[in-house]
Amino acid sequence: MKTNDKNSYRTAEKIKNAIEEHIIVTERQIERLQKVFKLLGDSDREIKCSAIESLIEENNRILEETQPRAIRDAAIISSWQKIEHSEIAFYRTLVAFAKTLGEKGVAKLLEQTLK
């Protein structure tokens, strides 16, 4: 195995671990959103975002269409950055809405996600 192959493997492992950790964080975010919906009297709401789903599909296409190399790693990182930036914008907007509507408890839960 060449040095580049070892480095590429380590990078891929780091990316995989980061994604796995992010899944755990996302599950906590979903729990907070469920609390938000409960506070608003809408506890049966399904949590979906077509924009994020589209970015996840893009990421899956990258995985299918590329070989495990540095360019693939960079593409995966780019795709996940788009997802993160979209989530941040989404939560900032929701916090602003909650504050405008006087929903302090909702705003506090949403701000926890931003932190």
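In terms of the numbering used here, the numbers along the sequence shown are unbroken and rise by one, the last being 407.
Beta carbons are placed, not taken as given, at the ideal position from N, Cα and C, and that holds for glycine.
Note to self: Buried or exposed, going by whether 16 or more other CB atoms sit within 10 Å of the CB of methionine 293?
What the structure shows: Model confidence at methionine 293 stands at a pLDDT of 41, short of 50, so the residue's coordinates are unreliable and nothing is read from them.
Check: Quick one: Cα of histidine 257 to Cα of glutamate 357, how far?
Finding: This structure cannot speak to residue 257, because the chain is shown only from 293 to 407.
Checklist line | Through-space distance from alanine 304 to alanine 381, alpha-carbon basis | finding: Roughly 28 Å between the two C-alpha positions.
Margin query: According to DSSP, simplified to helix, strand and coil, what is lysine 340?
Written below: Note: lysine 340 maps to coil in three-state DSSP.
Margin query: Threshold first: 4 residues or longer. Then list the alpha helix (DSSP H) segments lying entirely within the segment 322-399, N to C.
Written below: Those alpha helix (DSSP H) runs which fall completely within the segment 322-399 and span 4+ residues are 342-357, 362-392.
Item checked: Nonlocal neighbours in the same chain, by C-beta distance under 6 Å from threonine 295, ignoring five residues either side -> Model confidence at threonine 295 stands at a pLDDT of 44, short of 50, so the residue's coordinates are unreliable; what they give is reported in the following sentence. Cβ within range, chain order: n/a, list empty.
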